[in-house]
Each structure stands twice: as structure tokens, then as C-alpha cells.
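Student: In terms of our numbering, the sequence shown is residues 2 to 271.
Idealized CB from N, CA, C, for every residue including glycine.
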Amino acid sequence: MPNVFDRFSLKDKVAVVTGGVGILGGLYCRRLAEAGAAVVVADLDSEKCAGLAADITADGHEAEGFSVDLSNEASVKAWARAILDKYGRVDVLVNNAATKSPDFFAPLGSFTLEDWNKVMAVNVTGIFLTVREFGPSMAERGKGSIINVSSVYGVVAPDQRIYEGSWYEELGGAINTPLIYSTTKGAVIAMTKYLASYWGANGVRTNTLTPGGVSSGQNSMFSEKYGARVPMGRMARADEMTGALLFLASDASSYVNGQNIIVDGGLTAW
Ligand SMILES: NC(=O)c1ccc[n+]([C@@H]2O[C@H](COP(=O)([O-])OP(=O)(O)OC[C@H]3O[C@@H](n4cnc5c(N)ncnc54)[C@H](O)[C@@H]3O)[C@@H](O)[C@H]2O)c1
């Protein structure tokens, strides 16, 4: 048995991160590469993917950008083929991408079906398309770790009161958590359990990583109201998600399958 820290190593592993240039995805790519993996940075914008991969490479690690539109079946197929052609395998698949539709923060009474379907297409169908391309070859090789990213709002309902007076400049104003977000994130947890049972006997482990709210530019009103809902009294820092990610990605979690690691400062504990 290798020493305890070696069991967290991702040396000689290929890791794919969807949503790889987002707030959390970018950090996931960096930390997986620092742990030794060759990282595929996967997101919509090919220049951003290549840019982050170049930064990681400049720091002495291995990464390459492979852009993809997860809502497009042909794009996912071509993308997966290109990755498998280059590396021959995928050891770690992090299904982290999620989208916000054009009218994502509209009240439920006027939320459009078009927006609903757009979010479903990335957050749920995108995971189906991705695991359909990579899962069978992981099962054939007899190993792999799939990590599906959910949210505390796939586990519990949002407290609607925290959105009064909320503001997030980068997202253009007042924010809330729409029904489609909770719906897709709940589905992610169900998909994890299904996949854990489907490929578990083949050595492919599937788990959920569930972040709580991460501080990333929300106004102080929101941060305070959210923080007051958390036993630890504050929002998460992005890097606080990466310990659980490395655990799930590596052999340190070799008998963990079908589980949900909730990194939320205790929000869902009371
Ligand atoms: N940030 C948080 O507070 C928080 C909390 C709980 C859960 N999460 C979850 O963590 C994950 C990452 O969150 P984030 O805050 O980094 O989000 P983000 O919006 O910064 O990143 C998501 C990424 O997904 C990409 N993406 C969207 N549509 C795509 C498509 N069709 N094809 C390929 N890529 C696409 C986006 O371009 C973006 O880079 C999400 O699944 C989110 O639901 C985040």
C-alpha cells in the first residue's frame, strides 16, 4: 500500500474538467494538474481553454484545452474522440459545467420553457452525453473516477429570504436560485447513484461533489444573509472545494462510490 500522501497523487492520470474555465473549474484544473494529472480544460471558448492550459503548463504542469459545447451532441462526440485519440484514456472525469440561460433569474411565473430546456441541456443532458462517450472505455479498462458537481440547492431548497436585496454585478443585478437550477442539481445526485451502481462492478467509481455558495462578487447584503444560514457563518472560498475534489479523483477514495461529499460549512446540517 503506498503511503498516505501518494494515494492522493494523480501522477500518470488523465483528468477532464468540463466548465474548466469557470470560477471553480479553473481552480479544479490547476489543482488536478498540481497533483500530477494531465488535465483537459474543457469549456465553450477555445481561446480561454488554451489560455488556462498554457498558464498551467508554464507553471510546470500538464494541460491542454479542448473546447466543447455540451449542449450539442455532435460537438461532444467530436470532442471526446479528440481527447481519446490524444491520450488513449480518461481516468478522472469532472462534470462541472453548468449554464445560466438568458432569463435565468426571471420569476417562476414567467420563466420560459426555452430557458428551462437550455439549462437542462447543459446541466443534465450534457452529463449524459459526456458519460456516454467516456464511461464505457473507463469500464473496459476497469478503472476511473467520475465526479458530478451538484449544489446545496440540489440537496435542500433555497431560503428565498436571502435574495431580498441581493446583487451580483457580474451577473447583471439581483439574483435568485430558479427552480430549474435545483431540479438539475437534484438530477445530478440521482445520476451519480445510478452510474455508481451501473459501472461500480467495473471499477469505475462515480461520486457527487456538492459545493455550498462560493464567495465570488456577490454584494455584502447577500453574503451576510447567506452566511447567517451557515453554521460556519460565511460563504465558501473557491479553494475550499479542491480538497474534496482531489480526494474523489484519487485512489485515496478507492472504495468511495455513489456518495455525495457536501462542502457547505454545515448549511445542510440543520
Ligand atoms: N459558485 C458557486 O457558488 C457554486 C455553488 C454550488 C454549486 N456550484 C456548481 O459548481 C459548478 C461550477 O460553478 P462556477 O461557479 O464555477 O460556475 P461558472 O459559471 O463560473 O462556470 C461554469 C462553466 O461552464 C461552462 N459552460 C456553460 N455552458 C457550457 C456548454 N454548453 N458547454 C461547455 N461548457 C459550458 C461556462 O462557460 C463556465 O465556464 C457548477 O456546476 C455549479 O452549479 C457552484
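On the criterion of 16 or more Cβ atoms from any shown chain inside 10 Å, does Y195 qualify as buried, or is it exposed?
Tutor: That one is exposed.
Student: Going by alpha carbons, who is nearest to D44 out of R32, N73, E35 and G37?
Tutor: That would be N73, whose Cα lies nearest to the Cα of D44.
Student: Short check: CB of V231 to CB of G266, under 7 Å?
Tutor: A contact, by the Cβ cut-off of 7 Å.
Student: Please name the residue, chosen from L25, V5, K12 and V157, that lies closest to L246 on a Cα-to-Cα basis.
Tutor: The candidate whose alpha carbon is nearest that of L246 is L25.
Student: Is it the case that the CB of I128 approaches a heavy atom of ligand 1 more closely than 6 Å?
Tutor: The answer is no for I128.
Student: Which word fits W200, buried or exposed, when buried means at least 16 other C-beta atoms lie within 10 angstroms of its C-beta?
Tutor: With 16 or more Cβ atoms within 10 Å of its Cβ, W200 is classed as buried.
Student: Expressed to the nearest angstrom, what Euclidean distance is found between the alpha-carbon atoms of V1 and I57?
Tutor: No statement about residue 1 is possible, as the shown extent of the chain runs from 2 to 271 and does not include it.
Student: Return the Cβ separation of V91 and V15 in integer angstroms, given the expectation that the two are a contact with Cβ distance under 8 Å.
Tutor: Going by Cβ atoms, the distance from V91 to V15 rounds to 5 Å, so yes, they are a contact pair.
Student: For M236, which option in S224, T243 and G244 has the closest C-alpha, if you only look at C-alpha atoms?
Tutor: Checking every option, the nearest Cα to that of M236 belongs to S224.
Student: Taking G66 as the reference, which of S10, A75, N208 and G27 has the closest Cα?
Tutor: That would be G27, whose Cα lies nearest to the Cα of G66.
Student: What is the DSSP secondary structure of Y169, counted as helix, strand or coil?
Tutor: DSSP places Y169 in strand when its eight states are reduced to three.
Student: Going by DSSP, what residues sit across from A39 in a beta bridge?
Tutor: Looking at the DSSP assignment, A39 forms a beta bridge with V15 and E63.
Student: Closest to D70 by C-alpha separation, out of N203, V120 and N4, would be which residue?
Tutor: When only C-alpha atoms are compared, the closest one is V120.
Student: If D116 and P103 are in contact, beta carbons under 8 Å, what's the gap, nearest whole angstrom?
Tutor: About 7 Å separates the two Cβ atoms, so the contact holds.
Student: Taking the alpha-carbon positions, what's the N261 to L210 distance?
Tutor: One C-alpha to the other measures close to 6 Å.
Student: Between which residues of its own chain and G187 is the CB-CB distance below 6 Å, once the five residues before and five after are set aside?
Tutor: Answer for G187: G155, listed in chain order.
Student: Start and end of the alpha helix (DSSP H) containing S133?
Tutor: This sequence places Arg at residue 133; Ser is not what is there. Where R133 is concerned, the enclosing alpha helix (DSSP H) stretches over T126 to R142.
Student: Check for me: the beta strand (DSSP E) holding V95 runs from which residue to which?
Tutor: Where V95 is concerned, the enclosing beta strand (DSSP E) stretches over V93 to N96.
Student: Check whether the Cβ atoms of G143 and G204 sit closer than 7 Å, and answer yes or no.
Tutor: Contact flag set, yes.
Student: Is the closest heavy atom of ligand 1 to the C-beta of L180 under 6 Å?
Tutor: No; taking the cut-off as 6 Å, the Cβ of L180 has no heavy atom of ligand 1 nearer than that.
Student: Please work out which residues of its chain come closer than 6 Å, Cβ to Cβ, to Y88, disregarding the five sequence neighbours upstream and downstream, and give them in chain order.
Tutor: Cβ within range, chain order: V15.
Student: A250: beta carbon under 6 Å from a heavy atom of ligand 1?
Tutor: No, Cβ of A250 sits at least 6 Å from all heavy atoms of ligand 1.
Student: Applying the 10 Å Cβ sphere with the 16-neighbour rule, what's the burial state of N4?
Tutor: With fewer than 16 other Cβ atoms within 10 Å, it is exposed.
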